[in-house]
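K.L.:
First the structure, which I've put down as structure tokens, then a few questions once you've had a look.
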Amino acid sequence: MINSRRALAVAAAIVTFIFLLSRDHSAPALTATDRPSSSGSGLAAAAAAAAAASRGAGLWSSGGRHQRQQKPLQRPMADTSHMTTQDKLAYAYPYDLTEKFPAYVWQTWKFTPADEGFDFRDQEASWTIQHPGFVHEVITDAVAESYLDLLYASIPEVLEAYRALPLPVLKADFFRYLILLARGGIYSDIDTYALKSAIDWIPDSIPRDSFGLVVGIEADPDRPDWKDWYSRRIQFCQWTIQSKRGHPVLREIVSRITNHTLAVKRAGGWAGFSGSKVIEFTGPALWTDVLMDYFNDERYFNTGDSKGPVNWKSFTGMETSRRIGDVVVLPITSFSPGVEQMGSKDIEDPMAYVKHDFEEHLSRIVSSHGSRKAIITRRRTPSPSTSSTSPITNNHHDESLTYNDLDALSTKLSTNLGIRRGDKVAVSLGNGTEFAALTYAIYKLGAVLVPLNPTLGFEQVKAGLEKLGVRVLVMGLVVDLPYRPFRGRGNAAVLRSVCEERPGGLERLVWVDNRAEHVEGTVEEGDVAFLKGGDDDFVVSYERLLVSDPSSSSSSPSSSPSSPPSSPSPPPPSPPLSPDDIINIQFTSGTTATPKAAQLSHLSILNNGYLISQRMGLTATDTIVVPPPLFHCFGSVLGYMAVVTAGATICFPSGAFDPQASLRMCFDYDATGLYGVPTMFIAMLEALDRMEGLSRWRPTRLEKGIISGSSVPESLMRRIHQRLGLSRLTICYGQTETGPVSCMTCPDDPPEKLLTTVGRPLPHTAVKIVEPGNRSVVVPVGTRGELATSGYHLMKGYYDDDVRTAEVRVLEPHPDDGEQPDELWVYSGDEASMSSDGYVSITGRIKDLIIRAGENINPLEIENSICQMPAVRDVSVVGVPCPRLGEAVAAFVRTAQDGDDAAALTQDAVRDWVRARLSNHLVPKYVFFWPDEFPKTASGKVQKFKLRHDAQERLKKDD
Numbered sequence: 001m002i003n004s005r006r007a008l009a010v011a012a013a014i015v016t017f018i019f020l021l022s023r024d025h026s027a028p029a030l031t032a033t034d035r036p037s038s039s040g041s042g043l044a045a046a047a048a049a050a051a052a053a054s055r056g057a058g059l060w061s062s063g064g065r066h067q068r069q070q071k072p073l074q075r076p077m078a079d080t081s082h083m084t085t086q087d088k089l090a091y092a093y094p095y096d097l098t099e100k101f102p103a104y105v106w107q108t109w110k111f112t113p114a115d116e117g118f119d120f121r122d123q124e125a126s127w128t129i130q131h132p133g134f135v136h137e138v139i140t141d142a143v144a145e146s147y148l149d150l151l152y153a154s155i156p157e158v159l160e161a162y163r164a165l166p167l168p169v170l171k172a173d174f175f176r177y178l179i180l181l182a183r184g185g186i187y188s189d190i191d192t193y194a195l196k197s198a199i200d201w202i203p204d205s206i207p208r209d210s211f212g213l214v215v216g217i218e219a220d221p222d223r224p225d226w227k228d229w230y231s232r233r234i235q236f237c238q239w240t241i242q243s244k245r246g247h248p249v250l251r252e253i254v255s256r257i258t259n260h261t262l263a264v265k266r267a268g269g270w271a272g273f274s275g276s277k278v279i280e281f282t283g284p285a286l287w288t289d290v291l292m293d294y295f296n297d298e299r300y301f302n303t304g305d306s307k308g309p310v311n312w313k314s315f316t317g318m319e320t321s322r323r324i325g326d327v328v329v330l331p332i333t334s335f336s337p338g339v340e341q342m343g344s345k346d347i348e349d350p351m352a353y354v355k356h357d358f359e360e361h362l363s364r365i366v367s368s369h370g371s372r373k374a375i376i377t378r379r380r381t382p383s384p385s386t387s388s389t390s391p392i393t394n395n396h397h398d399e400s401l402t403y404n405d406l407d408a409l410s411t412k413l414s415t416n417l418g419i420r421r422g423d424k425v426a427v428s429l430g431n432g433t434e435f436a437a438l439t440y441a442i443y444k445l446g447a448v449l450v451p452l453n454p455t456l457g458f459e460q461v462k463a464g465l466e467k468l469g470v471r472v473l474v475m476g477l478v479v480d481l482p483y484r485p486f487r488g489r490g491n492a493a494v495l496r497s498v499c500e501e502r503p504g505g506l507e508r509l510v511w512v513d514n515r516a517e518h519v520e521g522t523v524e525e526g527d528v529a530f531l532k533g534g535d536d537d538f539v540v541s542y543e544r545l546l547v548s549d550p551s552s553s554s555s556s557p558s559s560s561p562s563s564p565p566s567s568p569s570p571p572p573p574s575p576p577l578s579p580d581d582i583i584n585i586q587f588t589s590g591t592t593a594t595p596k597a598a599q600l601s602h603l604s605i606l607n608n609g610y611l612i613s614q615r616m617g618l619t620a621t622d623t624i625v626v627p628p629p630l631f632h633c634f635g636s637v638l639g640y641m642a643v644v645t646a647g648a649t650i651c652f653p654s655g656a657f658d659p660q661a662s663l664r665m666c667f668d669y670d671a672t673g674l675y676g677v678p679t680m681f682i683a684m685l686e687a688l689d690r691m692e693g694l695s696r697w698r699p700t701r702l703e704k705g706i707i708s709g710s711s712v713p714e715s716l717m718r719r720i721h722q723r724l725g726l727s728r729l730t731i732c733y734g735q736t737e738t739g740p741v742s743c744m745t746c747p748d749d750p751p752e753k754l755l756t757t758v759g760r761p762l763p764h765t766a767v768k769i770v771e772p773g774n775r776s777v778v779v780p781v782g783t784r785g786e787l788a789t790s791g792y793h794l795m796k797g798y799y800d801d802d803v804r805t806a807e808v809r810v811l812e813p814h815p816d817d818g819e820q821p822d823e824l825w826v827y828s829g830d831e832a833s834m835s836s837d838g839y840v841s842i843t844g845r846i847k848d849l850i851i852r853a854g855e856n857i858n859p860l861e862i863e864n865s866i867c868q869m870p871a872v873r874d875v876s877v878v879g880v881p882c883p884r885l886g887e888a889v890a891a892f893v894r895t896a897q898d899g900d901d902a903a904a905l906t907q908d909a910v911r912d913w914v915r916a917r918l919s920n921h922l923v924p925k926y927v928f929f930w931p932d933e934f935p936k937t938a939s940g941k942v943q944k945f946k947l948r949h950d951a952q953e954r955l956k957k958d959d
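Residue numbers 1 to 959, in the numbering used here, belong to the letters of the sequence shown in order.
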């Protein structure tokens, strides 16, 4: 471990080494009278030697046979200031193919330990265990720059470029190339496991003195539309690289980054630089380009007698190592095992050498965006005059965490929660810093997050805890309610029942005091006195989890409930996590009456969030307001995971949805994005004109967002674009069982696609449309059927419910080749069709189809028509029993609050409207006006079974 104290000792050793090395390779000393001038032969010889080293002393034949390099000639000491950067690097660090690979393992980390000792976690320890005798250095950010000052003192432009890079992730990329060029050895990211020694990476058939660089394949896209998702058709991995000192590929990439960086700096171009450009500037895209250029460079390869250029076709689908000149390329399984895509095999495969650890998902983001704001939570407090009937006040303070803060806070919580890998932790809270920090605290430990809807009563909470065997429950004193700011529901009765019964063997109850955000008297002090008395470790406040010793009897917090601890501490040790580990058990919020517990993995949630972020075009400069609840996949994956993956800022305007608070936060932070289901956007549009100071607001930066939960009528999309901006709004489709998103539009899709489809499948997601009664038959393009999806994102099954799992999660033979492995599919129950260009249209729920006189009627078509009526706010169409026709069409209509159009809206007006636009059999037989919000799931889906029951009850009364 190199820290600032050892750096001085290392500096002295390196300076001495460089001096001795230069003396050993210099020509005989020159007198003052024959010292070469800038145009003298001595300098020319030095430059020529450097240039020769830069080109390489031998050529690679097309068959990969190497003509041995001659031993480096002695070179005179010379002024290198007039050399190119490439030649300077070659002069300082010559490449000798015949030397052994240096026995170094290099890694970097963001914190400087308090002392010289460093206890390796399982990840770092694996590199030491697999490489006994190697020097294993974990270099901290604080030391990296000083170390480079020593290594590149003679090439100042390299140091200038390193310091000029504006983002930590750029410096991290550059450092790996610099350290390998100067010292050689293995570089690997801090979040990797060494499964095998580097000695075993290369087969014995390849001589050790015939190669000087080992790389692996990161991406070998298996989709025809790969350009939408990957920078290159084949992408080489740069999280693990092995190299001999001075390799030409490293010289080239260091030279390119240096020259490009200094050019941008001098042109003043950093102002518009964003995190989305990293992959091309220093990341795997540039790394791939440099390697491909090297493979086709006539200075190193005899390209004349080759069969053609080296390109992506040379590597796609490879399953064993391949040597191209002095570079050994490993297949995707070697450095990316277990990702379940692009041909990657399991970590037990003989070709699996290095594994990325999903536990460090947040660490990678923190290292790149540590000082950026991660979370902004608005804490609103009622004024003393606020009562249950008084108007909303706007007293608030905003609480923000940087990514460094979020990392430290979640680490503190993970240390003090008292849980282990595999334990289930239920969180019943509204949106805010506490829920966000607890999420990563649980994920870091490999425990399982169980989000619960805070509005559940005790019997529902009890059923969930007993079903899953939850060990820890986190719950607020007050339940935040949608559309009711400051006027939540007291939770004392539920908390008392939990304490008394401890359902399911519950071992700890953590309570969060959120009373300050609600009117006085919502929960009286006496109502919750039982939470603070006694020494029972079963009950603990959230604040106590933030002190150094949570077992302390003191209940007063050392900081505010969501403030980060003053200094980070490492997370407690745990066994290595697997991408397939279950990380979340999500109770489905489907439109049926009985929820199911879907088990989701690291692989599913993290990749789904990442791919959503990529399709939206999120960058670290975005500020996204997210009203949907964190206890649902919309808020947690589409919102939290997607935003954090990009290093952007997520804003929580209120504990539960409040249209005015959401709009106010967009205005106050000049937000670039906004999320919601259609009913949320309808409420925000209605609130906008009533809000003081915002009625004339026309957002200038509000472009991105997601609308999800149900179909989006054309009239609503038009109003959203006109009033809120959101010109790059995307539509997502999925279900809890698929992690959740399987299809999504792109911001640049044509308007007709945004209005009529849910987009195309995400990368590594297969979609098919089958006959509802015969799943073995895939229907033709454009034909309606049941939608099914396959891929990395599928749930592991419903918890302890094999019967219902088997109904929707089906293992089927591969359709193309009997030798291919079977495929898992999840059937959605949704009716859909797919166009020839891959766009999916959802036409309804299979169970929601109305069968009238033997003919299937899609409610969505009728709903979209009625929504066009001026006075209609929302509509839902269901089928009700009919003795003559089997089922009849019934429309539930929510009208605008006032106006002439609302007064003129009658049952006959609705029927006449539909009759004028659609076929007669689609005209509703029954029209019911609904005064309030439709019954909905937590994700905003209308629970049609409840409307259907209501219609039947009304018709019984009429009879």
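Just so you know, even glycine gets a beta-carbon here, dropped at the ideal spot from N, CA and C.
Computed from a predicted structure; not experimentally measured.
#1: I need the DSSP call for N311, collapsed to helix, strand or coil.
#2: Can you tell me which of the three DSSP states P132 falls into?
#3: I need the DSSP call for F631, collapsed to helix, strand or coil.
#4: Alpha carbon to alpha carbon, what distance is there between V826 and R701?
#5: Closest to L170 by C-alpha separation, out of Y542, G693 and T261, would be which residue?
#6: Residues in the same chain with beta-carbon distance under 6 Å from S410, minus the five sequence neighbours each way, listed in chain order, please.
#7: Could you tell me which of N404, A164, V878 and R484 sits nearest to A267, measuring between CA atoms?
#8: Please report the distance separating the alpha-carbon of H397 from that of T433.
#9: Would the stretch 364-375 and the stretch 243-251 be scored as touching if the rule is three or more Cβ pairs under 8 Å?
#10: Taking 8 Å as the cut-off, decide whether the C-beta atoms of V767 and V840 are in contact.
#11: Which parts of the stretch 673-697 are runs of the beta strand (DSSP E), unbroken and 3 residues or longer, counting only runs that do not cross its ends?
#12: For G505, which of K424, S541 and M318 has the nearest alpha-carbon?
#13: What is the DSSP secondary structure of N584, reduced to helix, strand or coil?
#14: Would you kindly work out how many angstroms separate the C-alpha atoms of A646 and L824, rounded to a whole number?
#15: With a threshold of 8 Å, are at least 3 pairs of Cβ atoms found where one atom belongs to the stretch 609-623 and the other to the stretch 463-482?
#16: Three-state secondary structure (DSSP) at D908?
#17: Would you decide whether L811 is buried or exposed? Buried here means 16 or more other CB atoms lie within 10 Å of its CB.
#18: Does DSSP put S558 in a helix, in a strand, or in coil?
#19: Look up K925 in the DSSP assignment and say whether it is helix, strand or coil.
#20: Give the range of the alpha helix (DSSP H) segment to which G962 is assigned.
#21: State the Cα-Cα distance for the pair S243 and L787, rounded to the nearest angstrom.
#22: Here's a check: name, in chain order, each residue in its chain whose Cβ is nearer than 6 Å to the Cβ of L406, leaving out the five neighbours to either side.
#23: Does the distance from the CB of S984 to the CB of T240 come in under 8 Å?
#24: Closest to K936 by CA distance: which of T588, I650, L600 and E855 is it?
#25: Tell me whether the stretch 859-869 and the stretch 790-806 touch, counting them as touching only if at least three CB pairs, one residue from each stretch, are closer than 8 Å.
#26: Work out the CA separation of Y177 and V254 for me, nearest whole Å.
#27: Using three-state DSSP, classify Q86 as helix, strand or coil.
#28: Alpha carbon to alpha carbon, how far is V643 from T672?
#29: Can you list, in chain order, the residues of its chain with a C-beta nearer than 6 Å to that of F892? Leave out the 5 residues immediately preceding and following it.
#30: Buried or exposed, going by whether 16 or more other CB atoms sit within 10 Å of the CB of S205?
#31: A29 to S81, Cα distance in whole Å?
#32: Judging by CA-CA distance, which residue of S708, N584, Q86 and R728 is the nearest neighbour of G797?
#33: Are R232 and T288 touching if we call contact CB-CB under 8 Å?
#34: Under 8 Å by Cβ, that's how I've got S654 and R380 pegged, so tell me the actual separation to the nearest angstrom.
#35: Relative to the C-alpha of V625, which candidate in P595, Q660 and K941 has its C-alpha closest?
#36: Measure from the alpha carbon of F211 to the alpha carbon of each residue in D297, E517 and D326, then state which is nearest.
P.N.:
Judging by the given coordinates:
#1: Coil, per DSSP.
#2: In the structure shown, P132 adopts coil according to DSSP, grouped into three states.
#3: Three-state DSSP puts F631 in coil, outside helix and strand.
#4: One Cα belongs to R701, the other to V826, and the distance between them is close to 38 Å.
#5: In this structure, T261 is the residue among Y542, G693 and T261 with its C-alpha nearest to the C-alpha of L170.
#6: Within the same chain, Cβ atoms closer than 6 Å to the Cβ of S410 are found at A437, Y440 and A441, the five residues on either side in sequence being excluded.
#7: The shortest C-alpha separation from A267 is found at A164.
#8: Between H397 and T433, the C-alpha separation is close to 13 Å.
#9: With a cut-off of 8 Å, the stretch 243-251 and the stretch 364-375 do not count as touching, because too few Cβ pairs lie within range.
#10: Going by C-beta atoms, V767 is nearer than 8 Å to V840.
#11: For the beta strand (DSSP E) assignment, the uninterrupted runs of no fewer than 3 residues enclosed by the stretch 673-697 are, from N- to C-terminal side, 673-676.
#12: Comparing Cα-Cα distances from G505 to each of K424, S541 and M318, the minimum goes to K424.
#13: The three-state secondary structure of N584, taken from DSSP, is strand.
#14: Cα to Cα, the separation comes out at about 30 Å.
#15: Between the stretch 609-623 and the stretch 463-482, the count of C-beta pairs closer than 8 Å stays below three; the two stretches do not touch.
#16: In the structure shown, D908 sits in a helix (DSSP, three-state: H, G or I).
#17: Counting of Cβ neighbours within 10 angstroms places L811 among the exposed residues, the total staying below 16.
#18: With a pLDDT of 35 at S558, under the threshold of 50, the modelled position of this residue cannot be trusted; read the value that follows with caution. Assignment of S558 by DSSP, reduced to helix, strand and coil, places it in the coil class.
#19: If DSSP states are grouped into helix, strand and coil, K925 belongs with coil.
#20: The question about residue 962 has no answer here: the residues shown for the chain are numbered 1 through 959.
#21: Straight-line Cα distance between these residues: approximately 48 Å.
#22: Within the same chain, Cβ atoms closer than 6 Å to the Cβ of L406 are found at A374, the five residues on either side in sequence being excluded.
#23: Since the first and last residues shown for the chain are 1 and 959, residue 984 lies out of range.
#24: Sorting T588, I650, L600 and E855 by C-alpha distance to the C-alpha of K936 places T588 at the top.
#25: No, because fewer than three Cβ pairs between the stretch 859-869 and the stretch 790-806 fall closer than 8 Å, the two stretches do not touch.
#26: V254 and Y177 have their C-alpha atoms spaced approximately 7 Å apart.
#27: Residue state for Q86 is assigned as helix, using DSSP reduced to three classes.
#28: Rounded to whole angstroms, V643 and T672 show a C-alpha spacing of 12 Å.
#29: The answer, listed in chain order, is S876, F928, W930 and L947.
#30: With a threshold of 16 other beta carbon atoms within 10 Å, S205 falls short and is exposed.
#31: At A29, the pLDDT of 27 sits below 50, so the modelled position is not reliable and the matter cannot be decided from this model.
#32: Here the closest residue by C-alpha is N584.
#33: Against a cut-off of 8 Å, the Cβ pair of T288 and R232 comes out as a contact.
#34: So it is a contact: roughly 7 Å between Cβ atoms.
#35: When each option's Cα is compared against that of V625, the closest is Q660.
#36: Taking F211 as reference, the option from D297, E517 and D326 with the minimal CA-CA separation is D326.
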